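Read through the structure below, which is laid out as structure tokens, and then see the notes.
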Amino acid sequence: MDEQNASLYAMILSSSSVLPMVLKTAVDIGLFDILAESGPSSSSSLSVSQIVSLLSTQTQKQHDSSLINRILRCLASYSIVTCSVSNDQGEPRAVYSLAPVAKYFTTKSQDGGGSLAPLVNLFQDKVLVDMWYNLKDSVIEGGLPFNKTHGSTAVELVGRDARFREVFQKSMRGFNEVFVEEFVNKYKGFDGVESLVDVGGGDGSILSKIITKNPHIIKAINFDLPSVINTSSNIPGIENVAGDMYTSTIPKGEAIFMKWILHSWDDEHCVKILRNCYESLPSNGKVIVIDMVIPDFPQDTLLDRSLFQFELFMMNMNPSGKERTKKEFEILAHLSGFSSVQVSFTSLCFSAIEFHKTK
Numbered sequence: 001m002d003e004q005n006a007s008l009y010a011m012i013l014s015s016s017s018v019l020p021m022v023l024k025t026a027v028d029i030g031l032f033d034i035l036a037e038s039g040p041s042s043s044s045s046l047s048v049s050q051i052v053s054l055l056s057t058q059t060q061k062q063h064d065s066s067l068i069n070r071i072l073r074c075l076a077s078y079s080i081v082t083c084s085v086s087n088d089q090g091e092p093r094a095v096y097s098l099a100p101v102a103k104y105f106t107t108k109s110q111d112g113g114g115s116l117a118p119l120v121n122l123f124q125d126k127v128l129v130d131m132w133y134n135l136k137d138s139v140i141e142g143g144l145p146f147n148k149t150h151g152s153t154a155v156e157l158v159g160r161d162a163r164f165r166e167v168f169q170k171s172m173r174g175f176n177e178v179f180v181e182e183f184v185n186k187y188k189g190f191d192g193v194e195s196l197v198d199v200g201g202g203d204g205s206i207l208s209k210i211i212t213k214n215p216h217i218i219k220a221i222n223f224d225l226p227s228v229i230n231t232s233s234n235i236p237g238i239e240n241v242a243g244d245m246y247t248s249t250i251p252k253g254e255a256i257f258m259k260w261i262l263h264s265w266d267d268e269h270c271v272k273i274l275r276n277c278y279e280s281l282p283s284n285g286k287v288i289v290i291d292m293v294i295p296d297f298p299q300d301t302l303l304d305r306s307l308f309q310f311e312l313f314m315m316n317m318n319p320s321g322k323e324r325t326k327k328e329f330e331i332l333a334h335l336s337g338f339s340s341v342q343v344s345f346t347s348l349c350f351s352a353i354e355f356h357k358t359k
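So the sequence shown is numbered by full-length UniProt numbering: it starts at 1 and just counts up by one.
Now the structure itself:
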């Protein structure tokens with residue numbers, strides 16, 4: 001990178017808080033939905049005045065056209081929307097349409113695959129933005145930025161703050177729909193599996209999607225704490241079983257599925273969980289873990305940026321967990337009795353990590 005580009009990059013980094021808040025504003029006012037409804041082709045691109053008119057009609061409130069124009073220009077500079085020049089009214093004017101990435105920020109899914117718009121609102125929510133101001137103190141003094149900021153853990157705050165709980169739960173639902181849609185369509189690790197146990201499966205919705213896509217799974221068990229199972233609905237084809245992954249016997253199955261479990265715990269707890277899983281598997285069984293796999297050394301790629309940003313976010317709130325490299329997963333496997341680890345699928349920076357009982 002030459003000196004001129006280095007200085008420009010430094011300026012972008014210095015003002016890097018601008019884009020997330022612009023993105024949140026665009027989500028909140030329905031800007032991406034307006035562009036999505038106009039259609040995908042360049043002929044259906046909208047001018048600033050058209051966008052402002054549609055937004056104002058929908059909300060019955062007048063929108064500031066100069067601010068909308070600045071927001072669109074910023075989004076276009078990051079290829080979140082596309083800008084082209086139209087001469088249909090005698091003089092050049094900018095018209096806008098959705099870039100491919102923007103479909104993930106529409107609140108009305110265009111392809112049934114969920115939305116990351118609620119995740120934008122979670123990351124930019126004041127509750128989470130405020131915690132970053134304590135990152136330096138945590139580096140120097142120890143402790144979690146979230147706890148320092150709010151005087152409680154994230155779990156405690158979600159439990160008592162109804163507004164933030166709704167923001168959090170909505171973001172998780174949206175993300176799960178995006179991830180699980182691609183996961184069940186592309187991951188081949190359920191081939192040949194007839195019995196599957198989802199450990200920490202919550203309401204069973206993910207397990208339901210898995211067995212719908214894999215009808216050869218004839219026995220599906222949703223295993224979670226009694227407080228969760230007692231409030232879960234009965235889903236056809238799924239047996240709800242209450243218990244504790246640490247102290248109870250995990251139901252037997254040819255494969256065990258765990259999403260976002262291990263990264264919440266230290267190595268000692270993870271080994272305990274995995275050993276319990278090992279005891280419930282046949283000799284050729286496996287555990288399928290959904291978590292991030294951190295590279296040994298960072299590189300300048302979209303995947304690595306996503307991984308390390310999400311890692312910082314999670315670890316700012318998580319008191320005992322960690323994101324792991326493949327080597328660290330292999331150590332967990334060895335300590336808990338498994339013979340090998342295979343990373344077989346990655347989407348949205350999360351991977352399917354298979355712990356095989358036999359090679």
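From the three backbone atoms N, C-alpha and C, an ideal C-beta is built for every residue, glycine too. Keep in mind it's a predicted model, so treat the numbers as computed, not measured.
Residue i (DSSP reduced to helix, strand or coil)
i           : result
residue 2   : coil
residue 78  : coil
residue 150 : helix
residue 219 : strand
residue 353 : strand
residue 125 : coil
residue 60  : coil
residue 238 : strand
residue 333 : helix
residue 86  : strand
residue 71  : helix
residue 256 : strand
residue 48  : helix
residue 115 : coil
residue 94  : strand
residue 33  : helix
residue 244 : coil
residue 130 : helix
residue 99  : coil
residue 190 : coil
residue 144 : coil
Sub-8 Å separation of residue i and residue j beta-carbons
i           : j           : result
residue 345 : residue 187 : yes
residue 194 : residue 221 : no
residue 144 : residue 276 : no
residue 243 : residue 223 : yes
residue 197 : residue 251 : yes
residue 246 : residue 290 : no
residue 116 : residue 178 : yes
residue 261 : residue 200 : yes
residue 235 : residue 202 : no
residue 29  : residue 55  : yes
residue 94  : residue 85  : yes
residue 123 : residue 350 : no
residue 119 : residue 171 : yes
residue 271 : residue 343 : no
residue 283 : residue 253 : no
residue 229 : residue 240 : yes
Extent of the continuous alpha helix (DSSP H) to which residue i belongs
i           : result
residue 278 : 267–279
residue 28  : 18–29
residue 141 : 135–141
residue 209 : 205–213
residue 228 : 226–229
Residue i, enclosing beta strand (DSSP E) - first and last residue
i           : result
residue 176 : No beta strand (DSSP E) holds residue 176; the alpha helix (DSSP H) holding it covers 162–186.
residue 341 : 340–347
residue 199 : 195–199
Chain B within 8 Å of residue i, Cβ atoms only
i           : result
residue 220 : You won't find chain B in this structure, because it holds only one protein chain.
Sequence ranges, alpha helix (DSSP H) only - wholly within the segment 283–333, length at least 4
302–315
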